[in-house]
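Position one of the sequence shown corresponds to residue 506 (the working numbering), numbered consecutively onward. Even for Gly, the Cβ is constructed at its ideal location relative to N, Cα and C. Single-structure report; data block below.
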Amino acid sequence: QERTFIAVKPDGVQRGLIGEIIKRFEARGYKMVAGKLIWAPKDLLKNHYKDLADKPFYNGLVEYMSSGPVFAMVWEGKEVVKMGRQMLGATNPLASMPGTIRGDFGIDVGRNICHGSDAVETARREIALWFKEEELSDYEFANKSWIYE
Ligand code: GTP
Ligand code: MG
């Protein structure tokens, strides 16, 4: 099964949105296989966002992401990388549809509440970066035949 890395960013944690975000992925039928509150060190965040190192907002982004704890998660299920991105909404909350997490709760791109891996390969890299193998739980939902045909 496909996995993705989803994180509630420091603004999402401060605003009490951890439960709201978990609730949406659970309600959809996705399965959490790992989750933890972590105040990420700057070197982890720089590595996480290394593809954006030459962007003008990179230093601000690392400051924002290290301004408090994040809630880091791994979610599993059919096409969860793509669907996770859809559920989060556009990078800029002002461009996000109502009904998405950013479209329902955000305004500024530099305070966009949540992170989601942008591809299956990226997800693999990010999961390995944020979690140890033993932090991931392999299990099945007892009701999985009511979620999947
Ligand atoms: P993530 O899920 O956080 O990776 O967002 P994304 O994949 O939708 O966007 P991207 O990876 O391109 O950018 C990573 C993060 O950098 C965004 O989520 C924003 O928090 C921040 N960011 C992106 N573009 C801008 C920008 O133009 N200005 C500012 N201030 N922040 C930006
Ligand atoms: Mg991204």
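Own chain residues within Cβ distance below 6 Å of residue i, not counting five before or after
i: Y535; result: W580, G582, V585
i: A577; result: A512, K541, I543, W635
i: F562; result: none
i: S642; result: V538
i: F530; result: W580
i: I523; result: V513, F576
Top-ranked residue by Cα proximity to residue i, from the options
i: R508; options: A647, E631, F646; result: E631
i: L550; options: D643, L634, A647; result: L634
i: D556; options: K649, S622, E639, P574; result: S622
i: A628; options: G608, D609, G589, P603; result: G589
i: G604; options: R520, Y569, E525; result: E525
i: H553; options: A512, E640, N648, M602; result: A512
i: W651; options: S601, E640, R533; result: R533
i: K514; options: H620, Q506, A558; result: H620
i: G517; options: N648, I612, F646, E654; result: I612
i: K587; options: G565, Q519, V625; result: V625
i: P598; options: Q591, N564, R607; result: R607
i: D547; options: L566, M592, I527; result: Asp is not the amino acid found at residue 547; the sequence shown has Lys there. It is L566.
Contacting residues, own chain, Cβ-Cβ under 7 Å from residue i (five flanking each side not counted)
i: T596; result: V614, N617
i: F636; result: A539, V579
i: A545; result: M570, S571, V575
Distance between beta carbons of residue j and residue i, contact taken as under 8 Å
i: G573; j: Q506; result: Incorrect: roughly 31 Å between the Cβ atoms, too far for contact.
- [ ] May I have a chain-ordered list of the beta strand (DSSP E) segments no shorter than 3 residues that lie completely inside the region 573-619?
- [x] Unbroken beta strand (DSSP E) runs of no fewer than 3 residues, entirely contained in the region 573-619, are found at 575-581, following chain order.
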